[in-house]
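This report concerns only the one structure given below.
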Amino acid sequence: MLDFAIIGGGPAGLTAGLYATRGGLANVTMFEKGLPGGQITQSSEIENYPGQLEVVTGMELMDKWPEQCKRFGLKHEMNEVTKLTKNSDIFTLTLGSGENVEAKSVLIATGSVPKAAGVKGEAEFFGRGVSTCATCDGFFYKGKDVAVVGGGDTAVEEAIFLANICKTVYIIHRRDEFRASPHEVEKLNSYKNIIQILSHTTEEIIGDNTGVTGIIVKSKETNELKTLDVLGAFIFVGRDVLNQTLIQDDGTFLCDTNKSGEVIVDLKMKTSVDGLFAGGDIRIDAPKQVVCAAGDGAMAGISAIAYLQ
Ligand code: FAD
Ligand code: NAP
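Under the numbering used here, read the sequence shown as residues 810 to 1118, first letter to last.
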């Protein structure tokens, strides 16, 4: 029987583990289906984590977090939690390995995943020219032409990352101004090999048996279609929360969520179910920042201690 089970090993889960163990809980396990660190490990540069003066990659930023948590007794199990249920006061976590684990309190910190743009050819060519990770796949397009779809911080930052590797980067955005922060847009504007295709929708990703060969865009002003000859299409159009673990046998969620499936929490990261906490990208109104996810994790760790007392 665990005192506190943490589902997800990103900034929220790791920080919850640090605060819970350092705050005196003896039996805390963090379940992470991959390597700890979370989605930020896919980012090419972080420059807004407080106290971190040098611009670092996501991998570099997260490198020491697991080691620091383990020092205070956090256990890490590399396993997916496929289901979470509660009977009287006890939670049961069903693991990908088929085993069940019981816990007195739980934090769900499973974060978010890239949203699909819903464009023709996107699914067909995924992994064969279509990607959602520039750090992972950018190198395959060294000296070649690629397109980025989206207008938020991720699209703009990753377009800049790709511009340092690729010959030309087209950034296709459906409106005439970016959603990304002005600071990032200013940087984007300084790149001569980034071509901004604003007020255009992405109609189709085309290709053949070698992979992607182009992307068809349509002007919102003139309806004119044009094909950009690119070998890679990077899609960054937002994120969906990963909440499947909370789905019960009858199809309802274990705790209250909003219409987008984001978990409703209060300022102590408590959900509508006693002993169940949520934090990081999965919660309502998440600013989707490492520092905020870490803050949620700290609060959830402290709240779990109070709940168990
Ligand atoms: P995540 O980081 O998503 O971690 C969740 C973890 O849970 C994952 O490791 C996942 O494998 C695991 N998991 C999911 N489901 C299960 C399950 N069922 N069982 C076990 N494990 C599970 N933020 C900034 O502050 N600055 C930036 O510059 C910045 N740049 C970014 C660039 C990119 C490309 C991306 C994608 C994000 C960026 N962000 C940035 C946002 C930031 O990464 C997130 O807000 C933050 O990582 C959220 O942390 P989290 O712990 O809530 O979730
Ligand atoms: P986002 O901010 O939600 O932006 C998504 C972008 O994709 C928007 O420009 C949106 O257009 C566009 N879009 C959405 N659906 C589309 C579709 N079907 N087809 C074409 N375009 C579509 O997502 P994000 O950029 O991934 O960022 C997520 C969160 O992480 C944000 O809170 C962001 O600030 C944060 N983040 C922060 C940093 C940083 O701090 N440096 C870096 C990365 C991410 P519209 O603008 O028209 O809606």
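Beta carbons: idealized from backbone N, C-alpha and C, even for Gly.
Treat the numbers as computed from the prediction; the structure is a model and nothing was measured.
Beta-carbon contacts of residue i that lie in its chain and below 7 angstroms, excluding the five residues immediately before and after
{"i": "Ile1114", "result": "Ala829, Gly832, Gly833 and Leu834"}
{"i": "Phe881", "result": "Leu827, Thr830 and Arg831"}
{"i": "Val939", "result": "Glu931, Ile1014, Val1021, Ala1042 and Ile1044"}
Own chain residues within Cβ distance below 6 angstroms of residue i, not counting five before or after
{"i": "Gly959", "result": "Phe1045 and Val1046"}
{"i": "Phe840", "result": "Ile816, Glu886, Asn888 and Val890"}
{"i": "Ser1081", "result": "Cys1064 and Asp1065"}
{"i": "Ala1109", "result": "Ala825, Leu916, Met1078, Phe1086 and Gly1088"}
{"i": "Tyr1116", "result": "Ser914 and Gly1084"}
{"i": "Glu1012", "result": "Ile1025 and Lys1027"}
{"i": "Ala1103", "result": "Pro820 and Thr824"}
Anticipated Cβ contact below 8 angstroms, residue i with residue j, distance rounded
{"i": "Val965", "j": "Val994", "result": "6 angstroms"}
{"i": "Asp1075", "j": "Ser914", "result": "Incorrect: roughly 15 angstroms between the Cβ atoms, too far for contact."}
{"i": "Gln877", "j": "Leu844", "result": "That pair is no contact at about 16 angstroms."}
{"i": "Glu921", "j": "Val1050", "result": "Per the sequence presented here, residue 921 reads as Ser, with Glu not at that position. Yes, Ser921 and Val1050 are in contact; Cβ-Cβ is about 5 angstroms, under 8 angstroms."}
{"i": "Ala821", "j": "Gly1106", "result": "4 angstroms"}
{"i": "Ile941", "j": "Ser853", "result": "Looking at the sequence provided, one finds Thr at residue 941 rather than Ile. At roughly 14 angstroms, the Cβ-Cβ gap does not stay under 8 angstroms, so Thr941 and Ser853 are not in contact."}
{"i": "Thr894", "j": "Met868", "result": "Going by Cβ atoms, the distance from Thr894 to Met868 rounds to 35 angstroms, so no, they are not a contact pair."}
{"i": "Thr919", "j": "Ile1091", "result": "6 angstroms"}
{"i": "Ala972", "j": "Asn1002", "result": "5 angstroms"}
Buried or exposed by the 16-neighbour rule on C-beta atoms within 10 Å, applied to residue i
{"i": "Thr1054", "result": "buried"}
{"i": "Cys975", "result": "buried"}
{"i": "Pro991", "result": "exposed"}
{"i": "Leu883", "result": "buried"}
{"i": "Asp1038", "result": "exposed"}
{"i": "Asn1067", "result": "exposed"}
{"i": "Gly947", "result": "buried"}
{"i": "Ile980", "result": "buried"}
{"i": "Thr1019", "result": "exposed"}
{"i": "Asn909", "result": "exposed"}
{"i": "Gly905", "result": "exposed"}
{"i": "Asp962", "result": "buried"}
{"i": "Gln848", "result": "buried"}
{"i": "Ser897", "result": "exposed"}
{"i": "Asn1032", "result": "exposed"}
{"i": "Gly952", "result": "exposed"}
{"i": "Leu870", "result": "buried"}
{"i": "Pro1112", "result": "The displayed chain sequence assigns Ser, not Pro, to residue 1112. Counting Cβ neighbours within 10 Å, Ser1112 comes out buried, since at least 16 surround it."}
{"i": "Leu1034", "result": "exposed"}
{"i": "Gly846", "result": "buried"}
Contacts around residue i, its chain only, beta-carbon distance under 8 angstroms, and the 5 residues preceding and following it disregarded
{"i": "Ile1015", "result": "Gly930, Val1021, Thr1022, Gly1023, Ile1024, Ile1025 and Thr1036"}
{"i": "Leu997", "result": "Val965, Ala968, Ile969, Ile980, Phe987, Ala989, Ile1003 and Gln1005"}
{"i": "Glu856", "result": "Val864"}
Note to self: Taking contact to mean 3 or more Cβ pairs, one atom from each stretch, closer than 8 angstroms, check whether the stretch 923 to 933 and the stretch 1086 to 1106 are in contact.
What the structure shows: no
inquiry  = Quick check on the DSSP output: what are the complete beta strand (DSSP E) runs of length 3 or more inside the stretch 827 to 890, in order along the chain?
reply    = For the stretch 827 to 890, the continuous beta strand (DSSP E) assignments of 3+ residues that do not extend past its boundaries occur at 837 to 841 and 884 to 887, in sequence order.
- Are the stretch 861 to 879 and the stretch 1011 to 1031 touching, with three or more C-beta to C-beta distances below 8 angstroms? Contact fails: fewer than three Cβ-Cβ distances are below 8 angstroms.
Secondary structure, alpha helix (DSSP H): runs of 4+ residues fully inside the stretch 945 to 1003: Given a length threshold of 4 residues, each whole run of the alpha helix (DSSP H) inside the stretch 945 to 1003 is given here in chain order: 962 to 972 and 991 to 998.
Discussion item. Please give me, in chain order, every unbroken run of the beta strand (DSSP E) with length at least 3 that falls completely inside the stretch 896 to 948.
Written reply: The qualifying runs are 899 to 904, 909 to 917 and 921 to 923.
**Prompt:** Hey, is the stretch 1025 to 1038 in contact with the stretch 1004 to 1016, meaning 3+ C-beta pairs nearer than 8 angstroms?
**Reply:** yes
- prompt: In chain order, which beta strand (DSSP E) runs of at least 3 residues are fully inside the stretch 1037 to 1101?
  reply: DSSP assignment within the stretch 1037 to 1101 yields the following whole beta strand (DSSP E) runs of 3 residues or more, N-terminal first: 1041 to 1044, 1048 to 1050 and 1085 to 1087.
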